[in-house]
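K.L.:
The structure is given below, and queries will be raised subsequently.
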Amino acid sequence: MKKFLVSSLVVALVLSSFMFFFNLSQTVEAQAVIKVGLVTDVGGRGDKSFNDSALRGLENWGAGLKMVAGVGYQAMTDAEYQKSIEDEAPGLLDRGIKKYNVEPLVLESKASEDYVPNLKTLAAKGASLIIGVGFMLTDAIAEVALLYPDVKFMLIDGWIDNPPVNVVCYVFKEQEGSFLVGALVGQMTMKNVVGFVGGMDLGIIHRFEAGYKAGLKTVNPAISILEGYTGNFTSTEDGQKIAKTQFDQGADIVYHASGACGIGVIEEAKGRPAGYFAVGVDSDQDYMAPGKVLTSMIKHVDYAVWLSIASIAENTFTSGHVILGVTEGGVGISPLKYTKNLISSTILAKVEDLKAKIVSGEIVVPATRDEYTAWEATLVDEEPPPEEKKPINWLYIVVAVVVVAAIAKFVFLKGKK
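Sequential numbering from -5 applies to the sequence shown in the numbering used here.
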């Protein structure tokens, strides 16, 4: 009996020790730091748009850190973390965004020649996931991913056909968010002339243009649209120059999809009198000129980056393509923090109605210039309904005939006298 008890105690101790070390190893594994690299495009940190949104997804939402100038990373408080989501993405509060034990590794690209070396550097530093910000990194990621099969790569806005098993491409339905912008702008313009400033004249920017124009024409078929392209995503001066031209030509609202060039568009609107507005893009740019940025087309690059980080942390990474539109929380318009008081409830209700129709599939927004041209051809001004034919009132006719006959007889008899 004693031998049995001793044996039982030994087994119990062995099992307890095993479970202790197993749980300890699980805890250590759960707390293991995940190195996530990010390579910006040439716009870099501080563009207040595309790259800054990607950095927010990595540094703020993914890692719970904030970049302090001259200091480096500091931990965000829980209140700061929650406020970041509330301010930048109130529509995503129910998406389960949370921070992970992430170490951000960020390299800024000054020229396209930096892309491949930067990606290789991050792989050599042990990054589990490397994020390429922008379609201009497409070829670089396609090349470097093959050299590092054990590293996962996320490409934003680029499309690789049949991507390697360690690559996922995140793209957006920018046309849907831009459609909602157009629906708002088309109802708010007082001059019936509006503008669009694009960056490089490329297919991805045509999605913004096509959706915007479709939204405008949906609510205001007679509106005039001025268009211009800077040819780059970096020159604030070029953006301001085109915006000035469009405002001078009669536009009162100008929407940009031009990266850092858009800072110049907003500056130009800021210097104009009341009634002139810019529309921001990618991030919520309303704060850059409170009351002068009517709204911003939010493209949640931050959310896409967070999703990719979560896939590594939760071990759910899958290669291929992820497409984010209105339904998936990928695009939309800003919360109108500084301009909502200028917009009637009727206008806002119309925008919400159109959004619901996009979600339901009733509206399919054109994504290319050719699609927009075909879509525009289907627009037909509604003809006024034909006037309802009133039934003939024969009583009136009979009375009229009798009266005319009486007058004629009176005239005839008077003539005979």
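Quick reminder that beta carbons are idealized off the backbone N, C-alpha and C, glycines included.
Checking 8 Å against the spacing of the C-beta atoms, do THR289 and THR333 come in under that value?
P.N.:
The count along the sequence shown starts at 1 and reaches residue 289 at position 295. The count along the sequence shown starts at 1 and reaches residue 333 at position 339. The answer is yes: Cβ separation under 8 Å.
K.L.:
Taking ASN158 as the reference, give the member of THR312, SER339 and GLU365 with the closest Cα.
P.N.:
As a first step, residue 158 is located in the sequence shown; it is residue number 164 there, counting from the start. The residue asked about is misnamed: residue 158 is Pro in this sequence, not Asn. Ranking the options by Cα distance to PRO158, first place goes to THR312.
K.L.:
Keeping to the same chain, check which residues put their C-beta closer than 8 Å to that of LEU210; ignore five residues upstream and five downstream.
P.N.:
For the purposes of this step, residue 210 is identified with residue 216 of the sequence shown, where counting begins at 1. Contacts found: GLY176, ALA177, VAL179, GLY180, VAL188, ILE217 and ILE219.
K.L.:
Which residue marks the beginning of the beta strand (DSSP E) containing LEU318, and which one marks its end?
P.N.:
The sequence position of residue 318 within the sequence shown is 324, counting from 1. Segment 314 to 318, the beta strand (DSSP E) holding LEU318.
K.L.:
Rounded to a whole number of angstroms, what is the C-alpha to C-alpha distance between GLY222 and GLN240?
P.N.:
Sequence index remark: in the sequence shown, residue 222 carries index 228 (1-based). Sequence index remark: in the sequence shown, residue 240 carries index 246 (1-based). Taking the straight line joining both Cα atoms gives about 8 Å.
K.L.:
Closer than 7 Å by C-beta to SER412: which residues in its own chain qualify, once you throw out the five before and the five after it? Chain order, please.
P.N.:
For residue 412 there is no data in the structure shown, the boundaries of the chain being -5 and 411.
K.L.:
When DSSP labels each residue in this structure, what does TRP369 get in the three-state scheme?
P.N.:
For the purposes of this step, residue 369 is taken as residue 375 along the sequence shown, with counting starting at 1. Reduced to three states, the DSSP call for TRP369 is helix.
K.L.:
Out of curiosity, what's the CA-to-CA distance linking LEU116 and LEU99?
P.N.:
In the sequence shown, counting from the first residue as 1, residue 116 sits at position 122. In the sequence shown, counting from the first residue as 1, residue 99 sits at position 105. Whole-angstrom Cα-Cα distance: 7 Å.
K.L.:
Helix or strand or just coil, what does DSSP make of LEU(-1)?
P.N.:
As a working mapping, residue -1 is identified with position 5 in the sequence shown. Per-residue confidence for LEU(-1) stands at a pLDDT of 40, beneath the threshold of 50, marking its modelled position as unreliable; the derived number appears in the next sentence. Residue state, collapsed to three classes: helix.
K.L.:
Since LYS119 and ILE257 are thought to touch, with beta carbons under 8 Å apart, how far apart are those beta carbons, to the nearest angstrom?
P.N.:
Residue 119 sits at position 125 when you count from the first residue of the sequence shown. Residue 257 sits at position 263 when you count from the first residue of the sequence shown. Wrong, their Cβ atoms sit about 32 Å apart, outside the cutoff.
K.L.:
What does the Cβ neighbour count give for PHE358, buried or exposed, with the cut at 16 atoms within 10 Å?
P.N.:
Within the sequence shown, numbered from 1, the residue matching residue 358 stands at position 364. This sequence places Val at residue 358; Phe is not what is there. VAL358 comes out exposed.
K.L.:
Look at the alpha carbon of TYR249 and the alpha carbon of ASP81, and state the distance between them as a whole number of angstroms.
P.N.:
Here residue 249 corresponds to residue number 255 of the sequence shown, with the count starting at 1. Here residue 81 corresponds to residue number 87 of the sequence shown, with the count starting at 1. For TYR249 and ASP81, the distance between alpha carbons rounds to 21 Å.
K.L.:
Pop quiz: GLN68 and LYS60 are said to be a contact at Cβ under 8 Å. What is the actual Cβ separation, rounded to whole angstroms?
P.N.:
Position 74 of the sequence shown, counted from the start, is the residue given in the question as residue 68. Position 66 of the sequence shown, counted from the start, is the residue given in the question as residue 60. GLN68 to LYS60, Cβ: 6 Å. Contact.
K.L.:
Secondary structure at SER290, three-state DSSP: helix, strand or coil?
P.N.:
The count along the sequence shown starts at 1 and reaches residue 290 at position 296. The answer is strand: DSSP assigns SER290 an E or B state.
K.L.:
When the Cα of ILE154 is compared with those of ASP144, LEU141 and LEU131, which residue comes out closest?
P.N.:
Translated into positions along the sequence shown, residue 154 becomes position 160. That would be LEU131, whose Cα lies nearest to the Cα of ILE154.
K.L.:
Tell whether a beta-carbon distance below 8 Å holds between VAL96 and ILE124.
P.N.:
Within the sequence shown, numbered from 1, the residue matching residue 96 stands at position 102. Within the sequence shown, numbered from 1, the residue matching residue 124 stands at position 130. With contacts defined as CB atoms closer than 8 Å, VAL96 and ILE124 fail to qualify as a contacting pair.
K.L.:
Am I right that VAL213 and LYS344 are in contact with their C-beta atoms under 8 Å? What's the rounded C-beta distance?
P.N.:
Taking the sequence shown and counting its residues from 1, the one referred to as residue 213 is at position 219. Taking the sequence shown and counting its residues from 1, the one referred to as residue 344 is at position 350. That pair is a contact at about 7 Å.
K.L.:
Taking the DSSP output, what are the residues bridged to TYR75?
P.N.:
Residue mapping note: residue 75 aligns to position 81 of the sequence shown, counting from 1. For TYR75, which the question treats as bridged, DSSP gives no partner whatsoever.
K.L.:
Which residue's Cα is closest to the Cα of GLY197: LYS167, PHE173, ASN186 and LEU174?
P.N.:
Locating residue 197 in the sequence shown gives position 203, counting from the first residue. Among LYS167, PHE173, ASN186 and LEU174, the Cα nearest to that of GLY197 belongs to LYS167.
K.L.:
What is the DSSP secondary structure of GLY176, counted as helix, strand or coil?
P.N.:
Locating residue 176 in the sequence shown gives position 182, where the first residue counts as 1. It is helical.
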